[in-house]
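**Student:** Residue numbers for the sequence shown follow my numbering, so the first one is 431 and each next one is one higher.
Backbone N, C-alpha and C define an ideal beta-carbon position, used for all residues, glycine too.
The structure displayed is predicted, hence computed values, not measured ones.
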Amino acid sequence: MTRLRNDEQSTGRSNRDDVVDPVTRQLIRGSLRAAKLECELIIERTAMSAFIREKKDYTVSFLDAQGHEVYGDTMGSDIMGCVWEYYPADSINPGDLYWYNDPYISEGSVTHTSDMVFISPVYHEGAVVAYCHSFAHFWDLGGSRPGSIGPANTEIFHDGTLVPPIKIVDQGKLNDEAYRVILRNSRYPDLLEGDTRALMAAARRAQERLLEMFGRFGKETTLAALDADQADTAKMVREKSREIIPQGSFSVRDFMDHAGVSDQWYSYHVELTRKGDEITLDATESDDQADGSINFLASDGALAAYFGQYFHQYDTSLLSNHGLVAAIDDVQLRQGSILQPDWPAALGCRAHTFTKLKSSVRALLAKATEGKVMAGSAVYVIAYWRMKDSETNNWLLCTDGIAVGHGARPFADGLDAIYSRHNENYPGEFMEMEYPLRMERYAIAMDSGGSGKNRGGCGIIRDVRILADEGTFGLRVENNLFPTWGVNGGMGGGTSRVVLNPGTAQEKEIRAFSDDNIWKKGDLVRVYTAGGGGWGDPLDREPDQVLTDVLDGFVSVDAANESYGVVISSNTLVVDQQATGARRQELLSYRGPTKMFHRFEYFNTAEEELQWVKKNIPR
């Protein structure tokens, strides 16, 4: 697995600690934060495609000379390893820029082809002292359909052009031949060129800002501060994890509705074990790889970082860096599984799997913390609107990210109508200005959030009217078969569905994970997205909070009665306190005590749920 650089960092000690005073360390941290923000704004303001410009699917991170993250969002991935395989560290020169998107060569550091990585070295006093990493999701790289990735893809070649690590800029000179080859493989080369230029510009500006930082504080002091920051994060994560996690094993399992090619569901299994001071994650009992595009090529460093993120809450002043992997000593994955597929399996829709996996890693801590973890969040939705421009005869593509509900937290309700914590929702105005589409409804999906003492976040209802003469659409919608899970007595969230022309004679249910759906001009597509799981017993939610949810359109009067035991007059919209007390006693009498998790019904272990699923939802 991806490990800390040395024993000093794994114990949180650095022999350079006494070199850097606390004020200087804070100034260096501030320099990193400011540089990251500036470089990301460069990407946002200069990129051409909507997925970067409007949805903001990009990031900038900084690595040390050993390739370990000092600040950013690489999530434990070995960003530099595959570059050094082709270009040894001693061959890298000032002014070089490296580019890749190959998930298999990078061993999961990139998780699907649409995610492009640019790496630039930072030279100071004749040596590499750091690397700058810029990343973004690209609009189209060729492949089987506009947008490249899609539910119907069955091998990586369908996902678009594979770029192994290449030196796209050699000591300041653009490798024009390679650049032209890559641009030629896109259906939208102008957008691709604009996006690559934006990422390159961000990498160059990052170089400049880090050089300024090293020049201002000095090489020795800066390197010592970066080492100390990683050591501090590692120390906190490791110590806190050993304080909280008991001896023994605990496992979770989650399910993917379908793979795209078939409607067969798949599952993965993750087991957390502590023996003495050693903590391991074992995912070897996960299902074999899927026949479609939901496979996730997981890196062991990423799994460790998902786990470490939980403990970051105990000291948010610490930087998000390579120290996050320190909680886990070993990660075990099985080749040929859905979390470690064999070449050339498709990976384009891997978000189905890794979004749930992030939630599951938190769920491993549920028993250790008496349920003090966030409930399951729904997987964000992607719709591919592909339209023929009648004037130019060219194909238009709108890759639309659609919001969902996120899991409730121990201290608050879940977030409603959020695409992802990293990205933003598309403005409806943007879609209508740029494409022959009209958004006719954008509303909260009532009752989609899982009930609980803290309610799960609600998904949305989105109606899109097609104004184009001809076209197709693809859908990547999860949680229509398996809802999100509730925790600590909270209940699972609502499910998703897609309907064509609802309420008309032409009404038709559309497969939630499908492609090449044909429309005719004037059709309306309605997408219901799933909600997050609830936290805590719903019967413990204050009746006035339930009433507020009803008045705001998040919970129906019927659901208030059935799920929360709160009786609200449909005429006066006032809580009947006496009737509510009686109703809650009634629900408690036939429901019985809650269990740690809920989805379909309450359960305590992954084995309990798997038995229920096999009996009730056959493959």
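(1) Roughly how many whole angstroms lie between the Cα atoms of residue 501 and residue 649?
(2) Let me know the secondary structure DSSP gives residue 644 once reduced to three states.
(3) Which parts of the segment 747-828 are runs of the alpha helix (DSSP H), unbroken and 4 residues or longer, counting only runs that do not cross its ends?
(4) Just to confirm the assignment, what range does the beta strand (DSSP E) spanning residue 1020 have?
(5) Taking DSSP's pairing of strands, which residues face residue 943 in a bridge?
(6) For residue 699 and residue 775, what's the separation of their Cα atoms in angstroms?
(7) Which partner residues of residue 685 appear in the DSSP bridge assignment?
(8) For residue 602, which of 514, 637, 619, 582 has the nearest alpha-carbon?
(9) Assign residue 897 to one of three DSSP states: helix, strand, or coil.
(10) Would you mind listing the beta strand (DSSP E) stretches within the segment 443-497 that are 3+ residues and don't spill past its ends, in chain order?
(11) So who's on the other strand from residue 551, going by DSSP bridges?
(12) Counting only runs that start and end within the segment 571-621, where is the alpha helix (DSSP H) found for 4 or more residues in a row?
(13) Rounding to the nearest angstrom, what Cα-Cα distance links residue 598 and residue 527 in this structure?
(14) Mark residue 536 as exposed unless 16 or more other C-beta atoms lie within 10 angstroms of its C-beta, in which case mark it buried.
(15) Checking the sheet assignment: what are the DSSP bridge partners for residue 511?
(16) What does DSSP give as the partner residues of residue 718 in its beta bridges?
(17) By the three-class DSSP mapping on this structure, what secondary structure does residue 1041 have?
(18) Residues in the same chain with beta-carbon distance under 7 Å from residue 435, minus the five sequence neighbours each way, listed in chain order, please.
(19) Between which two residues does the beta strand (DSSP E) containing residue 421 stretch?
(20) I need the straight-line Cα distance from residue 515 to residue 773, nearest angstrom please.
(21) Are the CB atoms of residue 538 and residue 814 within a distance shorter than 8 Å?
(22) Take residue 922 as the anchor and find which of 811, 1034, 718, 882 has the nearest alpha-carbon.
(23) Which residue wins for smallest C-alpha separation from residue 490, given the options 582, 970, 456, 505?
(24) Does the Cβ-Cβ distance between residue 494 and residue 560 come in under 8 Å?
(25) Tell me the rounded alpha-carbon separation between residue 589 and residue 573.
(26) Between 683, 744, 677, which lies nearest to residue 798 when the distance is taken from Cα to Cα?
(27) By how many angstroms is the C-alpha of residue 710 removed from the C-alpha of residue 828?
(28) Would you mind stating whether residue 762 and residue 689 have Cβ atoms separated by less than 8 Å?
(29) Do you know how far the Cα of residue 476 is from the Cα of residue 529?
(30) Report the option in 973, 1022, 510 whose CA atom is closest to the CA atom of residue 1004.
(31) With distances taken from CA atoms, which of 983, 532, 1027 is nearest residue 805?
(32) With a 10 Å radius around its C-beta and 16 neighbouring C-beta atoms as the bar for buried, classify residue 841 as buried or exposed.
(33) For residue 997, which of helix, strand or coil comes out of DSSP?
(34) How many Å lie between residue 918 and residue 664 at the Cα?
(35) Report yes or no: do three or more beta-carbon pairs, one from the segment 863-872 and one from the segment 930-944, lie closer than 8 Å?
(36) Between the beta-carbon of residue 628 and the beta-carbon of residue 724, is there less than 8 Å?
**Tutor:** Considering the structure as presented:
(1) Position 71 of the sequence shown, counted from the first residue, corresponds to residue 501. Position 219 of the sequence shown, counted from the first residue, corresponds to residue 649. For residue 501 and residue 649, the distance between alpha carbons rounds to 17 Å.
(2) Taking the first residue of the sequence shown as 1, we reach residue 644 at position 214. Correct three-state label for residue 644: helix.
(3) With a minimum length of 4 residues, the continuous alpha helix (DSSP H) runs that stay inside the segment 747-828 are 781-793.
(4) One-based indexing of the sequence shown puts residue 1020 at position 590. Here residue 1020 belongs to no beta strand (DSSP E); instead the alpha helix (DSSP H) covers 1007-1021.
(5) The count along the sequence shown starts at 1 and reaches residue 943 at position 513. According to DSSP, residue 943 bridges with 906.
(6) Residue 699 sits at position 269 when you count from the first residue of the sequence shown. Residue 775 sits at position 345 when you count from the first residue of the sequence shown. Using only the alpha carbons, I get a separation of about 20 Å.
(7) Numbered from its first residue, the sequence shown carries residue 685 at position 255. Partner(s): 697.
(8) Sequence index remark: in the sequence shown, residue 602 carries index 172 (1-based). Minimum Cα distance to residue 602 is reached at 637.
(9) Locating residue 897 in the sequence shown gives position 467, counting from the first residue. Here residue 897 sits in coil by DSSP.
(10) Along the segment 443-497, the beta strand (DSSP E) occurs as fully enclosed runs of 3 or more residues at 488-494, listed in sequence order.
(11) Within the sequence shown, the letter at position 121 stands for residue 551. According to DSSP, which records beta bridges pairwise, residue 551 is partnered with 561.
(12) If only uninterrupted alpha helix (DSSP H) runs of at least 4 residues are considered, those enclosed by the segment 571-621 are 606-614.
(13) By 1-based counting over the sequence shown, the position of residue 598 is 168. By 1-based counting over the sequence shown, the position of residue 527 is 97. Distance between residue 598 and residue 527, taken at the CA atoms: about 6 Å.
(14) Working through the sequence shown from its first residue, we reach residue 536 at position 106. Residue 536 is buried by the Cβ-count criterion.
(15) Within the sequence shown, residue 511 is the residue found at index 81, counting from 1. For residue 511, which the question treats as bridged, DSSP gives no partner whatsoever.
(16) Position 288 of the sequence shown holds residue 718. Paired residue(s): 767.
(17) By one-based count along the sequence shown, residue 1041 stands at place 611. Helix at residue 1041.
(18) Within the sequence shown, the letter at position 5 stands for residue 435. Summary for residue 435: the model assigns pLDDT 37, below 50, so the residue's position carries little reliability, and this model does not support an answer.
(19) Since the first residue shown for the chain is 431 and the last is 1049, residue 421 is missing from the structure and cannot be characterised.
(20) Here residue 515 refers to the residue found at position 85 of the sequence shown. Here residue 773 refers to the residue found at position 343 of the sequence shown. Rounded to whole angstroms, residue 515 to residue 773 spans 19 Å at the Cα level.
(21) Counted from its first residue, the sequence shown places residue 814 at position 384. Counted from its first residue, the sequence shown places residue 538 at position 108. Not closer than 8 Å, so no.
(22) Mapped onto the sequence shown, residue 922 falls at position 492. Nearest of 811, 1034, 718, 882 to residue 922, Cα basis: 882.
(23) If you number the sequence shown from 1, residue 490 lands on position 60. When each option's Cα is compared against that of residue 490, the closest is 505.
(24) In the sequence shown, the residue the question calls residue 494 occupies position 64. In the sequence shown, the residue the question calls residue 560 occupies position 130. For residue 494 and residue 560, yes; Cβs fall inside 8 Å.
(25) Here residue 589 is taken as the residue at index 159 of the sequence shown, counted from 1. Here residue 573 is taken as the residue at index 143 of the sequence shown, counted from 1. Approximately 5 Å, taken between the alpha carbons.
(26) Taking the first residue of the sequence shown as 1, we reach residue 798 at position 368. Residue 798 has its Cα closest to that of 677, out of 683, 744, 677.
(27) Numbered from 1 along the sequence shown, position 398 holds the residue referred to as residue 828. Numbered from 1 along the sequence shown, position 280 holds the residue referred to as residue 710. Approximately 42 Å between the Cα atoms of the pair.
(28) Taking the first residue of the sequence shown as position 1, residue 762 is located at position 332. Taking the first residue of the sequence shown as position 1, residue 689 is located at position 259. Taking the C-beta atoms as reference points, residue 689 is found no nearer than 8 Å to residue 762.
(29) For this step, residue 529 is matched to residue 99 along the sequence shown. For this step, residue 476 is matched to residue 46 along the sequence shown. So the alpha carbons of these two residues sit roughly 19 Å apart.
(30) On the sequence shown, position 574 is the one that residue 1004 refers to. If we check each option's Cα against that of residue 1004, 973 comes out closest.
(31) By 1-based counting over the sequence shown, the position of residue 805 is 375. Cα-wise, what sits closest to residue 805 is 1027.
(32) Stepping through the sequence shown from its first residue, residue 841 is reached at position 411. It counts as exposed.
(33) Counting from 1 along the sequence shown, the entry for residue 997 is found at position 567. For residue 997, the three-state secondary structure derived from DSSP is coil.
(34) One-based indexing of the sequence shown puts residue 918 at position 488. One-based indexing of the sequence shown puts residue 664 at position 234. Each residue's CA atom was taken as its position, placing residue 918 and residue 664 some 29 Å apart.
(35) No, they do not touch.
(36) As a first step, residue 628 is located in the sequence shown; it is residue number 198 there, counting from the start. As a first step, residue 724 is located in the sequence shown; it is residue number 294 there, counting from the start. Cβ distance not < 8 Å, so residue 628 and residue 724 don't count as in contact.
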